[in-house]
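Novice: Supplied in structure tokens, the structure appears directly below.
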Amino acid sequence: MSGSRERIINHAILAVFAVIAVFPMLGVLTQALRLPELDFGNFAEAWREGHFGTYMRNSVIVTTVTVAVSSVLSIMAGYALGTMRFRGATAVFLLFLAGLTIPTEAVVVPLYFDLRSIGLDNTYAGLILPQIAMSVAFGTFWMRAYFRSVPPSLVEAARMDGASSWTTLWRVLVPIGRPAILTMVVLVTMWTWNEFLLPLVIVNSDEGLRTAPLGLSFFQGTHHTDYSLLMAGALIIAAPIVIVYIFLQRHFIAGMLSGAVKE
Amino acid sequence: MTTVARHKSPVSRQATATAPRARERVRPPGAPRRVGWLYVLPALVIYAGFLLWPLVRGAQFSLYDWDGLGPATWAGMSNYSRLLSDPVLRGAFWHLLVLILFYAVLPCIIAFVLVAAMSRTRIRGLTFFRTVLFLPQVVAMVAVAVAWQWMYSADGPINSVLRGLHALGLPDWSRGWLGDFTFALPAVGLVGTWVGIGLAMVLFLAGVQKIPRELYEAARIDGAGPVREFFTVTLPGLRRELAVALTLTTIMAIRNFDLIYMATSGGPGDSTKVPAYEVYNRTFNTGEVGLGCAIGVTLAVLAFLATAGIGRLVEGRDS
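The structure is reproduced here in structure tokens:
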């Protein structure tokens, strides 16, 4: 049998592609840390000169608020669309579904002019509200799928015990739906943290409101080819999501691959 | 949907049957409750106000000539016809097509062939490989752009390898890849290939593990070689995964703003200009807001068509 040889070749192929996948990132790491000397000076310098402290704080604020609000709204909307019957429910669901494919590029220009006219450009609200809107499209779609998978007998049992629909949602269904909710939370966290075009356009004059990816782009503007410094900046802004990914990779992969799944 | 129906207890089915309107029996499960609107409303209001409304406004803006400051003048469909008549924009859509080849088609073909070759054996350490292969998907594109600018830079690893080859007697292929009129676009495209290939492999690896072993055994008993096995067992078994991979990577190519803005700004010349970049460039650099919006609306339509179309194309009309 050629089974064992085949097995070795297959694993070798996978290993080659794994190396290709991490090579640029390992390059970043060696450059930023000046390996093998292991020098954290680049990080300190990038952090200081690139104002990454401020930018990271802004990203944390924007991401936290976006994720918290959009999760609660998505859970509520998904609950109604998944377990209740009311006039227009299907139309509302299709409306949310359509939002899954709207690219930021299609809305960013009108958002800029309309938010500016009501004084929301260069504000946290101007960064957060559109990102909540983008997140609830996916969130509602995702949570509806979860609530539809819950046995209706569970909901009925809760109602027979006298629980209101509100209590049933938060006391019965949300606790057992933690894995589905966690998947939604990590994905929205990643998309919000990594979003670049929206902050670039909305935060056009107030440097103090720049998010981390935006900060890296301006940092690049001032340190064109100082790669070791740029790499340190890239590592700083990518690290939070990569760390979460390493612990929760199953949730990232399952969620992202379902993005193209239709009914 | 079917599982939900199966869970439905006999009691509730009886209750539905005795309900005043028999029509309800065929409706989806769930209590009829107008309170549902109250649950949907908060999400719907923000969604409509900050995503759907801007989309409508974008479509409206796209019908005007406007520099963002002065009065707007009605332009009808002229901004859309400029997508075809303006050579730079026509080039941008052409570049998008080339990038779809690099972002979607190439990764899917490579990953598909590789994974098909692996379908005969169980993979050890699948979780590890999955985690590593998928990693490029979660790193911020701006950081990816910085990493690849270094990869392509004058003294970066790619040019070092090519100079090494030159020392061995081959022609000198080293150059500033992202600054080269001919090679900047393929160079950007290969970054997309790098990002997409892991996603496709992870999808196909998961799919191939789900194909029943018996099918392979049956094919082998019938005397099928690796090629026949590929076309009769692996390819039909992975249709769904192929559709998902193509859809996600095509959307990635359409939404390709971050990388272009960071790595090339559309240059050198117009050689890496893509529609996603032109939305920004035309609106904020050249003051053609209506045109920028027309490109944005076109991208939304393309993204929608890609999502709706690829599934139908790959999975066939029957499913």
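These protein sequences, in sequence, are chains G and A.
Just so you know, we're using full-length UniProt numbering here: the first sequence kicks off at 1 and counts up by one.
Just so you know, we're using full-length UniProt numbering here: the second sequence kicks off at 1 and counts up by one.
The beta-carbon is built from N, C-alpha and C at its ideal position, and this holds for glycine as well.
(1) If we count the other Cβ atoms within 10 Å of its Cβ and call it buried at 16 or more, is G/G53 buried or exposed?
(2) For G/P213, return the contacting residues in chain A, with the cut-off set at a CB-CB distance below 7 Å.
(3) Closest Cβ-Cβ distance between G/E6 and chain A: below 8 Å?
(4) Using the beta-carbon count (16 or more within 10 Å), is G/T222 buried or exposed?
(5) Got a sec? Which residues, its chain only, sit under 8 Å from A/L99 by beta carbon, not counting five neighbours each side?
(6) At a cut of 8 Å, does the segment 66-76 of chain A reach the segment 287-305 of chain A through at least three beta carbon pairs?
(7) Take G/K262 and list the residues in its own chain whose beta-carbon comes closer than 8 Å to its own, dropping the five residues that flank it on each side.
(8) For G/S59 and G/L214, I'd like the C-alpha separation in whole angstroms.
(9) Would you list, in chain order, the members of the segment 97-108 of chain G that have their beta-carbon closer than 8 Å to a beta-carbon of chain A?
(10) Determine the closest residue to A/P107 out of A/W37, A/V138, A/F204, A/F181, with distance taken between C-alpha atoms.
(11) In chain G, which residues lie with their C-beta within 8 Å of the C-beta of A/L96?
(12) Can you tell which of G/A12, G/M84, G/V19, G/T192 has its C-alpha closest to the C-alpha of G/W166?
(13) Quick check on the burial criterion: 16 or more other C-beta atoms within 10 angstroms. Buried or exposed for A/E217?
(14) If we require 4 or more residues per run, which alpha helix (DSSP H) segments fall completely within the segment 55-125 of chain G?
(15) At a Cβ cut of 8 Å, what residues of the segment 228-246 of chain G count as close to chain A, listed as they run along the chain?
(16) Which same chain residues, not among the five before or five after G/L89, have their C-beta less than 8 Å away from its C-beta?
(17) Give a yes or no on whether the C-beta atoms belonging to G/V108 and G/V201 are separated by under 8 Å.
(18) Whole angstroms are fine: how far does the CA of G/I102 sit from the CA of A/T307?
(19) Taking 7 Å as the limit between beta carbons, can you name the residues of its chain near A/L84, skipping five residues before and five after?
(20) Does DSSP put residue 332 of chain A in a helix, in a strand, or in coil?
(21) Between A/I221 and A/I110, is the Cβ-Cβ spacing less than 8 Å?
(22) Is there at least one Cβ from chain G nearer than 8 Å to A/D67's Cβ?
(23) What runs of the alpha helix (DSSP H), each 4 residues or longer, lie entirely inside the segment 42-102 of chain A?
(24) Which whole-angstrom value describes the C-beta separation of G/T192 and G/V19, a residue pair presumed to lie in contact below a C-beta threshold of 8 Å?
(25) Using a Cβ distance threshold of 8 Å, determine whether the segment 153-163 of chain G contacts the segment 27-39 of chain G, with at least three qualifying pairs required.
(26) Quick check on A/N159: does DSSP put it in helix, strand or coil?
(27) Can you round the beta-carbon distance between A/Y47 and G/G99 to whole angstroms, since I take them to be within the 8 Å contact cut?
(28) Say whether the segment 261-269 of chain A touches the segment 118-126 of chain G, bearing in mind that this needs 3 or more beta-carbon pairs closer than 8 Å, one atom from each stretch.
(29) Please list, in chain order, the chain A residues whose beta carbon lies closer than 9 Å to that of G/H223.
(30) For A/A116 versus A/T234, is the C-beta distance shorter than 8 Å?
(31) Going along the chain, which residues of its own chain have a beta-carbon closer than 6 Å to the beta-carbon of G/Y112, five neighbours each way excluded?
(32) Between G/M1 and chain A, is the shortest Cβ-Cβ distance under 8 Å, so that the two count as touching?
(33) Let me know the alpha helix (DSSP H) ranges lying completely inside the segment 161-224 of chain G, each 4 residues or longer, listed in chain order.
(34) For A/L178 and A/L170, I'd like the C-alpha separation in whole angstroms.
(35) Is there at least one Cβ from chain A nearer than 8 Å to G/N42's Cβ?
(36) List the residues of chain A whose Cβ lies closer than 7 Å to the Cβ of G/P110, in chain order.
Specialist: Quick answer:
(1) exposed
(2) A140, V142
(3) yes
(4) exposed
(5) L185, V188, G189, G192, A253, N256, V274
(6) yes
(7) Low confidence applies to G/K262: its pLDDT is 42, below 50, so where it sits in the model is not reliable, and the reading given next is rough at best. No residues qualify anywhere along the chain.
(8) 10 Å
(9) A98, G99, L100, T101, I102, P103, T104, E105, A106, V107, V108
(10) A/F204
(11) Per Cβ cutoff of 8 Å: no residues; A/L96 is ~12 Å from chain G at best.
(12) G/M84
(13) exposed
(14) 89-99, 104-117
(15) L230, M231, G233, A234, L235, I237, A238, I241, V242, Y245, I246
(16) The sequence shown places Ala at residue 89 of chain G, rather than the Leu named in the question. Same-chain partners within the cutoff: A80, L81.
(17) yes
(18) 11 Å
(19) R90
(20) Here chain A comprises residues numbered 1 to 319, so residue 332 of chain A is not present and cannot be evaluated.
(21) no
(22) no
(23) 53-61, 78-85, 87-100
(24) That belief does not hold up - the Cβ atoms of G/T192 and G/V19 are roughly 31 Å apart, past 8 Å.
(25) no
(26) helix
(27) 6 Å
(28) no
(29) Near G/H223 there are no residues of chain A at all, since even the closest Cβ is about 10 Å away, more than 9 Å.
(30) yes
(31) V201
(32) Note that G/M1 scores a pLDDT of 44, beneath 50, so its modelled location is shaky; the value from the coordinates is reported in the next line. Not an interface residue.
(33) 178-194, 197-202, 212-222
(34) 22 Å
(35) no
(36) P54, R57, G58, F61, C293
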